[in-house]
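>
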Amino acid sequence: MKRPFRIAASHNCYARPTHEYLGFSAGLDFETRILVKENAPELLRETLRKKSWQPQVVALSGNTDCYQPVERRLEITRRCLEVFLEFRNPVTI
257 MKRPFRIAAS HNCYARPTHE YLGFSAGLDF ETRILVKENA PELLRETLRK
307 KSWQPQVVAL SGNTDCYQPV ERRLEITRRC LEVFLEFRNP VTI
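Count along the sequence shown from 1, then add 256; that gives the number in my numbering.
Put into structure tokens, the structure is as follows:
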């Protein structure tokens, strides 16, 4: 599963230029824009439902913080955790 949020980082972060691939500025946009995958729980459910899925530990916050301020309103991380629980698939945050 890909991360539900794509977010900012420190000024000297190696990932800063990757924001430009999405049509955003590596400067101001990198620090002020967050891209949200609102359908992440549904995509996760589809993935875990596949017969080819082999249960394994999934790191939900490998390189971003899954508890962004917007999470309070959208509850994407919470819904993803509920999907992991539904399928009894281990997850780390």
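Quick reminder that beta carbons are idealized off the backbone N, C-alpha and C, glycines included.
Starting from Ala-296 and walking both ways along the alpha helix (DSSP H), at which residues does that stretch end?
Unbroken alpha helix (DSSP H) run through Ala-296: 296-305.
> Name the two residues that bound the continuous alpha helix (DSSP H) containing Val-339.
Taken as a continuous stretch (DSSP letters only), the alpha helix (DSSP H) holding Val-339 covers 332-342.
> What did DSSP end up calling Thr-348 once you bin it into helix, strand or coil?
The answer is strand: DSSP assigns Thr-348 an E or B state.
> Per DSSP, what kind of secondary structure is His-275 in: helix, strand or coil?
In this structure, His-275 counts as helix in the three-state DSSP scheme.
> In or out: Leu-341 buried (at least 16 other Cβ within 10 Å) or exposed?
The residue is exposed, with fewer than 16 neighbouring Cβ atoms inside 10 Å.
> Would you list the residues sitting across from Ala-315 in a DSSP beta bridge?
According to DSSP, Ala-315 bridges with Thr-348.
> Short check: CB of Pro-297 to CB of Phe-343, under 9 Å?
No, they are not a contact pair.
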